[in-house]
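Undergrad:
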Ligand SMILES: Nc1nc2c(c(=O)[nH]1)N[C@H]1C(S)=C(S)[C@@H](COP(=O)(O)OP(=O)(O)OC[C@H]3O[C@@H](n4cnc5c(=O)[nH]c(N)nc54)[C@H](O)[C@@H]3O)O[C@H]1N2
Ligand SMILES: Nc1nc2c(c(=O)[nH]1)N[C@H]1C(S)=C(S)[C@@H](COP(=O)(O)OP(=O)(O)OC[C@H]3O[C@@H](n4cnc5c(=O)[nH]c(N)nc54)[C@H](O)[C@@H]3O)O[C@H]1N2
Ligand code: SF4
Ligand SMILES: [Mo]
């Protein structure tokens, strides 16, 4: 149904959460996107994904009825909602009864609204009683989150609004290609330079973002930790530390200093491939102005040492007094639409709403009271995302899975193995808007409403809580995720002696948000003072916001850090090798990432014609020298082989990449799936997998798919590795 007036709302995709107006559409499209110039973050600008987002609302390929796998045909067949919810409840309950509560798992997503993420975490702990819940944010910014907690005692991606960025003196942007991943945000960097500030970009590729830099450092993938330590070494050697700040506002400097001093610039040059004069230049640019920032994204974070790497960049900020002061600080550019809020309210394995710890007795008591349950019934922490996927269908792991808001068949590391684990499940239910590659494997598929058809809040990369408004009536066959949880609770409750369990899972988002506010009250991410009306009036409210009269907190840490003593903590870190290094059999490094026109696993954007035309399929970026040594020409299929498997995609020859590195975007399933290759080596603290570096070899392939590269004597991929 077409709406009558324009509705101010936000994009369904990335963490910038650009403001837009949805006006009545014409013809086939129910809605038209219009500029919302008064929203401060993007001031009207949108990327192609945001502009085309309504296409999926009326698309013929969206799901509009539940599907159940037929025993007779093995195919997914249309079913009623009653049948579908009965089947899901039975599939979950059957496994719980036979094998215990932890035999049932839940997997969520950072794209889910705060209301959904909160309800999903509560559903796992209260309706299923399982500890086995985690989400795709583990694959996203978990390393930065862990480093934030360790150093500052609090994790909010950016401790300041983006509007501060153009006003600082220097920005080091580490492993972010925001020209493609958040195009409207590029403006903040352009303005920085117009204001006389400088930009340093650290990326093994000369990306569209790196093109904007005054200084581009192109390290070997997986060596950012050495780089940050080398810069800190030079800061000390050149007498550029801020001793007053170190003495007054930090602890732990002597050990961190000693660790950095072991990383001589010449050694760092050998490890990273960045010449010493460029390291010196970076230090000069960073230290010369009054204020400076370091911003990281997935490049340095998606490594098996991502937490320590971010810690090293934070140490650099602290040693130079560039944190906890106006226009200075460290920040993480969070990725998913609700990547920030999605990590605060309890869909993470070790967490309760308000960014509370599941192991903290006081936190358990507070949340249990809001939920009306006995704290002793709340399970403890469960497995992290990859460990959870890896355990599915094993003797000790979950046998049934409810998945909402992720497509791990495309996006999880070592995806071939993850696919096998999903296949080994007794029961899989997926709630999605389209038949994603993961939904296609399910026993039951639940078709849910999309962004413009429901109301809910997201928290953008700045920590600004925003309101997405319903602008359109959903098609009759779909229900919201909140409805799904309500319907399942109604079916699961009676067997557990809770005849009205569904009352704990309201379907009205405003009611859920009010409860989330109470559950988060007094916690680190305190939303208690926020309500929908206020968000609408104020263009968003920055958390923490403990009371209705509180102004919200755009800038954190200006007076004190969130640690017990109010001081930021230096953490001594040492460089270490990646999970896999190049060797004779796998002589190159693979790194992975994104292109502007596709989003994540591509489940949504591959179904939008305009985006698909712009980015129709996978490719392998190779340097001309590497192409020459392979005898490969532009567009020729290349096989990229790692210890996990083999992927084939056309060559894209470019001198913007290091000659020892190849790059693949990860948006596609099938033969060109980058995650067939990636290494699930996990960071010991954050449990982040190493998406950004693994060892590979590259071979040319003829049209029939046969290798044509002369044999190097290397073994073929060991799929079981
Ligand atoms: N178009 C588009 N936009 C998106 C998304 C999308 O899928 N598509 N996803 C959203 C989400 S969830 C996220 S998390 C963000 C991600 O946003 P970004 O972090 O900007 O995206 P990536 O392309 O994964 O990685 C950024 C850069 O890291 C570089 N890199 C690779 N290895 C290394 C390394 O070892 N060190 C360093 N320093 N850099 C390295 C890559 O070359 C790449 O240019 O984007 C959000 N926006
Ligand atoms: N090789 C490699 N792999 C990566 C990365 C990388 O850089 N390299 N990056 C990682 C990162 S940062 C991320 S964030 C992950 C993301 O990867 P995924 O977790 O797969 O994320 P999406 O593709 O956004 O999947 C979201 C799914 O949920 C559906 N969906 C959207 N909105 C809703 C909703 O409201 N409710 C429900 N029920 N479903 C919804 C979508 O249609 C889609 O099928 O990928 C990770 N994988
Ligand atoms: S930058 Fe992100 S939020 Fe903005 S329009 Fe593009 S995908 Fe949407
Ligand atoms: Mo992400």
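Numbering (this note's numbering), first residue to last: 775 to 1495. The beta-carbon is built from N, C-alpha and C at its ideal position, and this holds for glycine as well.
1. Does the Cβ of residue 1035 have 16 or more other Cβ atoms within 10 Å, making it buried, or fewer, making it exposed?
2. Under 8 Å between the Cβ atoms of residue 1052 and residue 911?
3. Going by DSSP in three states, residue 798 sits in which element: helix, strand or coil?
4. Just verifying my parser: in three-state terms, what is the DSSP assignment at residue 976?
5. Out of 895, 1132, 1145, state which residue places its alpha-carbon closest to the alpha-carbon of residue 1155.
6. Looking at residue 1232 and residue 1115, is the spacing between their C-beta atoms short of 8 Å?
7. Which residues does DSSP list as the beta-bridge partners of residue 1178?
8. Would you say the region 1443-1461 touches the region 913-922, given that touching needs at least three Cβ pairs under 8 Å?
9. In the DSSP assignment, the alpha helix (DSSP H) including residue 1067 goes from what residue to what residue?
10. Which class does residue 790 belong to by DSSP, given the choice of helix, strand or coil?
11. Say whether the region 1361-1372 touches the region 1429-1445, bearing in mind that this needs 3 or more beta-carbon pairs closer than 8 Å, one atom from each stretch.
12. Please work out which residues of its chain come closer than 7 Å, Cβ to Cβ, to residue 793, disregarding the five sequence neighbours upstream and downstream, and give them in chain order.
13. If residue 822 sits next to residue 1226, beta carbons under 8 Å apart, how far is it from one beta carbon to the other, in whole angstroms?
14. What residues are listed by DSSP as bridge partners for residue 783?
15. Apart from the five residues on each side of it in sequence, which residues of its chain come closer than 7 Å, Cβ to Cβ, to residue 1080?
16. Could you check the C-alpha separation between residue 1145 and residue 1152 for me, to the nearest Å?
17. Give me the Cβ distance between residue 790 and residue 807, rounded to the nearest whole Å; I'm assuming they're in contact under 8 Å.
18. For residue 990, which residues does DSSP report across the bridge?
19. Taking DSSP as the reference, what is the three-state secondary structure of residue 1453?
20. Let me know the secondary structure DSSP gives residue 811 once reduced to three states.
21. Between 1320, 1023, 1216, 1181, which lies nearest to residue 884 when the distance is taken from Cα to Cα?
22. Is residue 1485 buried or exposed, if buried means 16 or more other CB atoms sit within 10 Å of its CB?
23. At a cut-off of 7 Å, is residue 1109 close to ligand 2 when judged by its beta-carbon and the heavy atoms of the ligand?
24. What do you get for residue 949, buried or exposed, if any count of 16 or more other CB atoms within 10 angstroms of its CB means buried?
25. Measure from the alpha carbon of residue 990 to the alpha carbon of each residue in 1026, 972, 1129, 855, then state which is nearest.
26. When the Cα of residue 851 is compared with those of 841, 858, 857, which residue comes out closest?
27. Is residue 878 closer than 8 Å to residue 866 when the C-beta atoms are compared?
28. Name the two residues that bound the continuous alpha helix (DSSP H) containing residue 1036.
29. Determine the closest residue to residue 1265 out of 1252, 1279, 1253, 1254, with distance taken between C-alpha atoms.
30. Check whether the Cβ of residue 1462 sits closer than 7 Å to any heavy atom of ligand 1, and report yes or no.
31. Report whether the distance from the Cβ of residue 1077 to the nearest heavy atom of ligand 2 is below 7 Å.
32. Quick one: residues in its chain with C-beta nearer than 8 Å to the C-beta of residue 994, no 5 flanking neighbours on either side, listed in chain order?
33. By how many angstroms is the C-alpha of residue 1026 removed from the C-alpha of residue 980?
34. Suppose contacts are defined by Cβ-Cβ distances below 8 Å. Is residue 1106 in contact with residue 1070 by that definition?
35. Suppose you measure from the CA of residue 775 to the CA of residue 1247; what does that come to, to the nearest Å?
36. Answer yes or no: do residue 974 and residue 959 have a C-beta to C-beta separation smaller than 8 Å?
TA: The short version:
1. Along the chain shown, read from residue 1 onward, the residue named residue 1035 stands at position 261. Residue environment analysis places residue 1035 among the exposed positions, since fewer than 16 neighbouring C-beta atoms fall within 10 angstroms of its C-beta.
2. Taking the first residue of the chain shown as 1, we reach residue 1052 at position 278. Taking the first residue of the chain shown as 1, we reach residue 911 at position 137. Against a cut-off of 8 Å, the Cβ pair of residue 911 and residue 1052 comes out as no contact.
3. Within the chain shown, the letter at position 24 stands for residue 798. Strand at residue 798.
4. Numbered from its first residue, the chain shown carries residue 976 at position 202. Residue 976: strand per DSSP, three-state reduction.
5. Taking the first residue of the chain shown as 1, we reach residue 1155 at position 381. Considering only alpha carbons, the answer is 1132.
6. For the purposes of this step, residue 1115 is taken as residue 341 along the chain shown, with counting starting at 1. For the purposes of this step, residue 1232 is taken as residue 458 along the chain shown, with counting starting at 1. In this structure, residue 1232 lies closer than 8 Å to residue 1115 by Cβ.
7. For the purposes of this step, residue 1178 is identified with residue 404 of the chain shown, where counting begins at 1. Partner(s): 1205.
8. The answer is yes - the region 913-922 touches the region 1443-1461, with three or more Cβ pairs under 8 Å.
9. Here the question's residue 1067 lines up with position 293 in the chain shown. Counting along the chain, residue 1067 falls outside any alpha helix (DSSP H), though it belongs to the beta strand (DSSP E) covering 1067-1070.
10. The sequence position of residue 790 within the chain shown is 16, counting from 1. In this structure, residue 790 counts as coil in the three-state DSSP scheme.
11. Output reads yes: the region 1429-1445 touches the region 1361-1372.
12. For the purposes of this step, residue 793 is identified with residue 19 of the chain shown, where counting begins at 1. Within its own chain, the residues whose Cβ lies closer than 7 Å to the Cβ of residue 793, once the five positions on either side in sequence are excluded, are 782, 784, 810, 813, 815, 816, listed in chain order.
13. As a first step, residue 822 must be located in the chain shown, where it is residue number 48. As a first step, residue 1226 must be located in the chain shown, where it is residue number 452. Contact flag wrong, Cβ pair sits at about 17 Å.
14. Residue 783 sits at position 9 when you count from the first residue of the chain shown. Its beta-bridge partners are 794.
15. Mapped onto the chain shown, residue 1080 falls at position 306. Within its own chain, the residues whose Cβ lies closer than 7 Å to the Cβ of residue 1080, once the five positions on either side in sequence are excluded, are 917, 1074, 1457, 1460, 1462, listed in chain order.
16. Numbered from 1 along the chain shown, position 371 holds the residue referred to as residue 1145. Numbered from 1 along the chain shown, position 378 holds the residue referred to as residue 1152. Near 10 Å, if we compare the C-alpha coordinates of residue 1152 and residue 1145.
17. Counted from its first residue, the chain shown places residue 790 at position 16. Counted from its first residue, the chain shown places residue 807 at position 33. Wrong, their Cβ atoms sit about 15 Å apart, outside the cutoff.
18. Along the chain shown, read from residue 1 onward, the residue named residue 990 stands at position 216. According to the DSSP secondary-structure assignment, residue 990 is paired through a beta bridge with 975.
19. One-based indexing of the chain shown puts residue 1453 at position 679. In the structure shown, the three-state DSSP call for residue 1453 is strand.
20. In the chain shown, counting from the first residue as 1, residue 811 sits at position 37. Annotated three-state conformation of residue 811 is coil, per DSSP.
21. Residue mapping note: residue 884 aligns to position 110 of the chain shown, counting from 1. With distances taken between CA atoms, residue 884 lies nearest to 1181 out of 1320, 1023, 1216, 1181.
22. Position 711 of the chain shown, counting from 1, holds the residue named residue 1485. With a pLDDT of 46 at residue 1485, under the threshold of 50, the modelled position of this residue cannot be trusted; read the value that follows with caution. Label assigned to residue 1485: exposed.
23. Position 335 of the chain shown, counted from the start, is the residue given in the question as residue 1109. Yes, the beta carbon of residue 1109 sits closer than 7 Å to at least one heavy atom of ligand 2.
24. Sequence index remark: in the chain shown, residue 949 carries index 175 (1-based). Per the 10 Å Cβ criterion, buried.
25. Counted from its first residue, the chain shown places residue 990 at position 216. Closest by alpha carbon: 972.
26. Here residue 851 refers to the residue found at position 77 when the chain shown is read from its first residue. When only C-alpha atoms are compared, the closest one is 841.
27. For the purposes of this step, residue 866 is taken as residue 92 along the chain shown, with counting starting at 1. For the purposes of this step, residue 878 is taken as residue 104 along the chain shown, with counting starting at 1. Yes, they are a contact pair.
28. For the purposes of this step, residue 1036 is taken as residue 262 along the chain shown, with counting starting at 1. If you look at residue 1036, you'll find it isn't in any alpha helix (DSSP H); DSSP assigns it neither H nor E.
29. Translated into positions along the chain shown, residue 1265 becomes position 491. Residue 1279 is the option with its Cα nearest to residue 1265.
30. Residue 1462 sits at position 688 when you count from the first residue of the chain shown. No - ligand 1 has no heavy atom lying nearer than 7 Å to the Cβ of residue 1462.
31. To locate residue 1077, count along the chain shown from 1; it is residue 303. A distance criterion of 7 Å places the beta-carbon of residue 1077 beyond contact range of ligand 2, judged by its closest non-hydrogen atom.
32. Residue numbering aside, residue 994 sits at position 220 when the chain shown is read from its first letter. The answer, listed in chain order, is 978, 1045, 1046, 1047, 1363, 1432, 1434, 1435.
33. Here residue 980 is taken as the residue at index 206 of the chain shown, counted from 1. Here residue 1026 is taken as the residue at index 252 of the chain shown, counted from 1. Roughly 36 Å separates the two Cα atoms.
34. Here residue 1106 refers to the residue found at position 332 of the chain shown. Here residue 1070 refers to the residue found at position 296 of the chain shown. Yes, these two residues count as a Cβ contact at 8 Å.
35. In the chain shown, the residue the question calls residue 775 occupies position 1. In the chain shown, the residue the question calls residue 1247 occupies position 473. Here the model assigns residue 775 a pLDDT of 48, short of 50, so the residue's position is not dependable and the matter cannot be decided.
36. Taking the first residue of the chain shown as position 1, residue 974 is located at position 200. Taking the first residue of the chain shown as position 1, residue 959 is located at position 185. Contact flag unset, no.
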